[in-house]
């Protein structure tokens, strides 16, 4: 039995969970709603204030999906109740960011500004022009948006300039040494 999959997903009164006949789980919170479509190998049932996942088959794929869907449901419950946040920092001379409507404008040392369209369900705040806070109910979408913004100018190892996650440690390299 999957150690992750056999643990139930607990939720509180602020979250509503329903299982539709098409084997989909709908998790609703105060502001957001997430829909997780389950494969036929795994089924879910709501038991009071917890979600219990049951395998319908005992194949290798069903065992791996059991733990996966439990983790996805836990992330959905946490996302609609508290939300997920990733913070990016801009390091470099003249690197700055600003939000205009549903667009994130980045000046990252290129000859042009980078304009990134913010997807629906994601909220972006810019603090001090060098700190970007990405918030949303879907953990994977928050991570995907943060990775996309970071990919515009990833940190480089010589000067440490670029866009990095808060608390990310950049391994620095020594530059050229002029020797005779």
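Numbering (my numbering), first residue to last: 6 to 185.
We treat Cβ as the ideally placed atom computed from N, Cα and C, and that holds for glycine.
**Study point:** DSSP three-state assignment for residue 80, whether helix, strand or coil
**Key:** helix
Check your understanding: Would residue 159 pass as a contact of residue 172 if the rule is Cβ separation under 8 Å?
Key -> no
Practice item. May I ask you to verify whether the segment 82-94 touches the segment 132-150, counting CB pairs closer than 8 Å and requiring at least 3? Key: yes
Practice item. Use the C-beta contact count for residue 56: other C-beta atoms within 10 angstroms, 16 or more gives buried, fewer gives exposed. Key: buried
Practice item. Can you check DSSP and say which residues form a bridge with residue 128? Key: 140
Check your understanding: Do you know offhand how far residue 58's Cα is from residue 149's?
Key -> 27 Å
Exercise for review: Return helix, strand or coil for residue 156, following the three-state DSSP convention.
Suggested key: helix
Practice item. May I have the straight-line CA-CA distance separating residue 23 from residue 34, to the nearest angstrom? Key: 12 Å
**Study point:** DSSP-derived helix/strand/coil call for residue 60
**Key:** strand
Exercise for review: My understanding is that residue 30 touches residue 49, with C-beta atoms under 8 Å, so please give their C-beta distance in whole angstroms.
Suggested key: 5 Å
**Study point:** Cα-Cα separation between residue 140 and residue 131, rounded to whole angstroms
**Key:** 11 Å
Review point. By DSSP, does residue 116 sit in helix, in strand, or in coil?
Key: coil
**Study point:** Touch test, the segment 38-48 against the segment 108-117, Cβ-Cβ under 8 Å, three pairs minimum
**Key:** no
Exercise for review: Work out the CA separation of residue 100 and residue 179 for me, nearest whole Å.
Suggested key: 23 Å
Review point. Is DSSP giving residue 70 helix, strand or coil here?
Key: helix
Review point. Can you tell me where the beta strand (DSSP E) with residue 18 in it begins and where it stops?
Key: Run containing residue 18: none; DSSP gives neither H nor E here.
**Study point:** Classification of residue 74 by the beta-carbon crowding that lies within 10 angstroms, buried from 16 upward
**Key:** buried
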